[in-house]
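Student: If you're matching positions, the sequence shown starts at 1 in full-length UniProt numbering and goes up one per residue.
Note that CB positions come from ideal geometry on N, CA and C, so glycine has one too.
Got a structure here, written out as structure tokens. Questions coming.
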Amino acid sequence: MDRPVLRETVRRLWDHDILPSLSDLVAVPAVSPVFDPQWERTGFLDAAVEHMRAWLTGRDLPNASVEVVRLPGRSPVLVVDVPASAGAEDAGTVLLYGHLDKQPPVGGWSEGLGPWSPVLCEEDGVRKLYGRGAADDGYAGFAASAAIEAVRAAGGRHARCVLLLETGEESGSPDLPAYLEHLRATLGEVSLVVCLDAGGNDYQRMWLTTSLRGLVQVRLTVRVLEVGQHSGIASGLVPSSFRIVRQLLDRLEDAGTGEVRLAEMHTDVPADRLAEIRDAVATAPGSMTNWPVVPGVSLVATDEVELALNNAWRPTLSVIGADGLPSPENAGNVLRPFTTLCLSFRLPPTVDADRALEAVRTALTTDVPYGAQVEISHTETGAGWNAPTLAPWLRAALDQAGDEVFGAPWRASGLGGSIPFMGLLHEAYPKAQFVVTGVLGPDSNAHVPDEWLHVDYAVQVTEAVARILDAHAGAGATA
């Protein structure tokens with residue numbers, strides 16, 4: 001494979017083809033179904049899918065098929081099937097994954113920026129594309145296609161490639177198991193999975209995600225009254241729903257340390273993952289501590305290895321939403337009838353999410369103070385994932401990409417986020433190799449205001465993926 005041609009092709013595709021189309025995709029408010037229950041009526045997810053379908057249909061991918069697959073009652077997926085190049089027909093299938101749905105816009109974007117207003121600019125020598133979904137994960141379909149095109153242009157080889165872009169990842173990928181089963185015959189024998197929805201601790205090297213946390217999410221409602229009552233008359237007589245919620249939360253988490261108290265959510269850290277975490281911290285010092293905390297606030301630990309372990313291999317609880325609490329401007333002297341909290345647990349990669357959910361349910365519904373009514377609703381679980389051992393060919397390809405693309409050795413790290421699809425794929429294809437990588441750095445602002453894509457880093461990641469596709473084809477052809 002002609003590596004200078006590969007690099008030039010990737011850069012040309014990004015500058016002339018990808019950035020204009022990706023900017024247009026950013027402008028589509030394709031919020032994930034859990035945040036837009038009327039998504040079928042609003043049509044934004046369909047618009048994002050159609051945008052990508054049209055762009056991919058026009059790519060230089062001979063004999064490729066581009067299909068929108070729709071199962072009843074489920075958000076669509078876009079499937080691109082690219083036949084293997086000559087000599088790589090026996091290398092199995094490469095499944096490349098990304099998603100087109102987005103997190104909600106949220107407020108607080110900087111002046112001149114907005115979730116649906118793409119801005120391409122240069123700041124401190126870094127090319128940036130601002131907008132919701134630019135880095136998480138709108139770029140993925142473009143990068144995957146460009147990697148395949150570049151391999152072909154440079155005279156390299158690739159196995160059969162299937163690009164799968166879903167529209168429900170930010171909702172926990174509830175429809176993907178059904179699509180995975182529906183597409184099982186289409187996918188065939190998957191020997192390599194490339195997921196472009198991750199990232200790492202800096203933009204100086206390629207980062208391989210070797211573990212992902214699982215997820216349990218519930219909506220907890222504690223109700224004590226049929227209707228609200230005057231707080232001066234009812235307080236001291238009727239228990240506060242908020243106080244009961246506090247008591248129940250204490251069963252789940254130590255408020256002093258943040259440690260989750262449920263044994264079902266804990267596991268031992270494998271020795272190889274601990275070694276990777278220590279190496280990652282030493283490689284990119286400060287990446288665990290670079291957060292926009294307000295003056296005077298300290299992190300939960302001072303040791304960066306402990307912080308990394310907290311984020312990758314220990315359970316955490318976040319309260320991500322609330323109801324039953326009026327805004328301060330509308331807060332009268334009322335003993336409120338109920339309090340609702342949305343609880344989001346991140347789980348160690350190897351913990352059973354369904355078992356963890358049952359532990360949460362038991363803790364919140366057993367011996368409830370004052371006999372208050374407790375409702376557990378809107379439950380969601382997602383499996384974590386722990387990567388298989390790297391095959392020699394893949395390790396060699398990563399080493400070469402580190403040297404020749406990034407000028408720095410690649411590193412592995414655990415990601416505190418969740419991609420439930422990886423666990424599903426690992427279970428379905430236990431012999432497959434996994435390359436879980438991406439463009440999300442510590443300050444990419446995924447899910448929050450001012451999300452941005454590091455354009456030149458995305459170019460490098462694309463070139464690295466192209467090299468991996470060629471190496472995979474070579475390994476499969478000689479196996």
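For alanine 446, which residues from the same chain have a beta carbon less than 7 Å from its beta carbon, with the 5 sequence-adjacent residues on both sides left out?
Tutor: Same-chain partners within the cutoff: Ala135, Asp136, Leu440.
Student: Considering aspartate 137, what are the terminal residues of the alpha helix (DSSP H) in which it resides?
Tutor: No alpha helix (DSSP H) contains aspartate 137, which DSSP labels as neither H nor E.
Student: So for aspartate 470, helix, strand or coil by DSSP?
Tutor: Reduced to three states, the DSSP call for aspartate 470 is helix.
Student: DSSP state of alanine 479, grouped into three classes?
Tutor: Low local confidence applies: a pLDDT of 44 at alanine 479 is under 50, so the model's placement there is unreliable, with the coordinate-based value given in what follows. Of the three classes helix, strand and coil, the one that applies to alanine 479 here is coil, per DSSP.
Student: Whether or not the segment 346–363 and the segment 167–182 are in contact is what I'm after, with contact meaning three or more pairs of Cβ atoms, one per stretch, closer than 8 Å; do they touch?
Tutor: Cβ pair count under 8 Å is below three, so no.
Student: With distances taken from CA atoms, which of Gln460, Pro442, Val222 is nearest cysteine 342?
Tutor: When only C-alpha atoms are compared, the closest one is Val222.
Student: Looking only at C-alpha atoms, which of Tyr97, Ala471, Ala159, Asp101 sits nearest to glycine 141?
Tutor: Of the candidates Tyr97, Ala471, Ala159, Asp101, the one whose C-alpha sits nearest the C-alpha of glycine 141 is Tyr97.
Student: Taking a contact to mean a Cβ-Cβ separation below 8 Å, would you say histidine 378 touches arginine 219 in this structure?
Tutor: In contact: histidine 378 and arginine 219 (Cβ atoms closer than 8 Å).
Student: Applying the 10 Å Cβ sphere with the 16-neighbour rule, what's the burial state of glutamate 264?
Tutor: It counts as buried.
Student: Please report the straight-line C-alpha distance between histidine 426 and glycine 414, rounded to a whole angstrom.
Tutor: Rounded to whole angstroms, histidine 426 to glycine 414 spans 16 Å at the Cα level.
Student: Considering aspartate 189, what are the terminal residues of the alpha helix (DSSP H) in which it resides?
Tutor: In the sequence under discussion, the amino acid at residue 189 is glutamate, which differs from the aspartate named in the question. First-last for glutamate 189: undefined, no H or E at that position.
Student: Give the DSSP-derived three-state secondary structure of aspartate 367 in the structure shown.
Tutor: Aspartate 367 falls in the coil class under three-state DSSP.
Student: Could you check whether the segment 390–408 touches the segment 431–439, counting it as contact only if at least three pairs of C-beta atoms, one from each stretch, sit closer than 8 Å?
Tutor: The segment 390–408 is in contact with the segment 431–439.
Student: By the three-class DSSP mapping on this structure, what secondary structure does arginine 11 have?
Tutor: Arginine 11 falls in the helix class under three-state DSSP.
Student: When the Cα atoms are used, what is the spatial distance from alanine 479 to glutamate 89?
Tutor: The pLDDT assigned to alanine 479 is 44, lower than 50, so where the model puts this residue is not dependable; a value taken from the coordinates is nonetheless given after this. Roughly 12 Å between the two C-alpha positions.
Student: With DSSP collapsed to three states, give me the class of glutamine 460.
Tutor: Helix at glutamine 460.
Student: Measure the C-alpha to C-alpha separation of alanine 27 and serine 21 and round it to an integer number of angstroms.
Tutor: For alanine 27 and serine 21, the distance between alpha carbons rounds to 10 Å.
Student: Considering just the uninterrupted stretch of the beta strand (DSSP E) at serine 23, what are its terminal residues?
Tutor: Not the beta strand (DSSP E): serine 23 falls in the alpha helix (DSSP H), residues 19–26.
Student: Residues bridged to isoleucine 376 by DSSP?
Tutor: The partner list for isoleucine 376 (beta bridge, DSSP) reads Leu220.
Student: Would you mind working out which of Asp470, Leu469, Ser444, Ile468 sits nearest valine 126, comparing C-alpha positions?
Tutor: Checked all of Asp470, Leu469, Ser444, Ile468; the closest Cα to valine 126 is Ser444.
Student: Mind checking whether tryptophan 410 and leucine 129 have CB atoms under 8 Å apart?
Tutor: For tryptophan 410 and leucine 129, no; Cβs fall outside 8 Å.
Student: Would glycine 423 and alanine 359 be called neighbours here (beta carbons separated by less than 8 Å)?
Tutor: No, the pair does not count as a contact, with Cβ atoms beyond the cut-off.
Student: Assuming leucine 25 and glycine 199 form a contact by the criterion Cβ under 8 Å, report the distance between their Cβ atoms to the nearest whole angstrom.
Tutor: With 8 Å as the limit, leucine 25 and glycine 199 do not qualify as a contact, their Cβ atoms being about 19 Å apart.
Student: List, from N- to C-terminal side, the beta strand (DSSP E) runs of 3 residues or more that fit wholly inside the segment 396–429.
Tutor: Taking only runs of at least 3 residues, the beta strand (DSSP E) segments lying wholly in the segment 396–429 are 411–415.
Student: Using the beta-carbon count (16 or more within 10 Å), is isoleucine 233 buried or exposed?
Tutor: With fewer than 16 Cβ atoms within 10 Å of its Cβ, isoleucine 233 is classed as exposed.
Student: Under the assumption that valine 66 contacts valine 77 (Cβ atoms under 8 Å), give the Cβ distance between them as a whole number of angstroms.
Tutor: Actually they are not in contact, since the Cβ atoms of valine 66 and valine 77 sit about 12 Å apart, beyond 8 Å.
Student: Histidine 158 and leucine 469: beta carbons closer than 8 Å?
Tutor: It is a contact, given that the beta carbons lie within the stated cut-off.
Student: What does the alpha-carbon distance come out to for the pair aspartate 279 and tryptophan 207?
Tutor: Rounded to the nearest angstrom, the two C-alpha atoms are 12 Å apart.
Student: Just the Cα atoms here: how many angstroms apart are valine 465 and leucine 19?
Tutor: Their Cα atoms are separated by approximately 18 Å.
Student: Can you give the beta carbon distance from threonine 93 to leucine 187, rounded, assuming they're within the 8 Å contact cut?
Tutor: Confirmed, Cβ separation roughly 6 Å.
Student: Sorted by chain position, which residues of the same chain lie with C-beta nearer than 8 Å to tryptophan 116's C-beta, five sequence neighbours on each side aside?
Tutor: Contacts found: Val26, Ala27, Val28, Pro29, Pro105, Gly131, Arg132.
Student: Can you pull the DSSP bridge partners for phenylalanine 345?
Tutor: Paired residue(s): Val216, Leu317.
Student: Just verifying my parser: in three-state terms, what is the DSSP assignment at valine 465?
Tutor: Helix, per DSSP.
Student: State yes or no: is the C-beta of valine 368 within less than 8 Å of the C-beta of proline 315?
Tutor: No.
Student: Relative to the C-alpha of leucine 394, which residue among Thr381, Asn386, His472 is closest?
Tutor: Of the listed residues, the one whose Cα sits closest to leucine 394 is His472.
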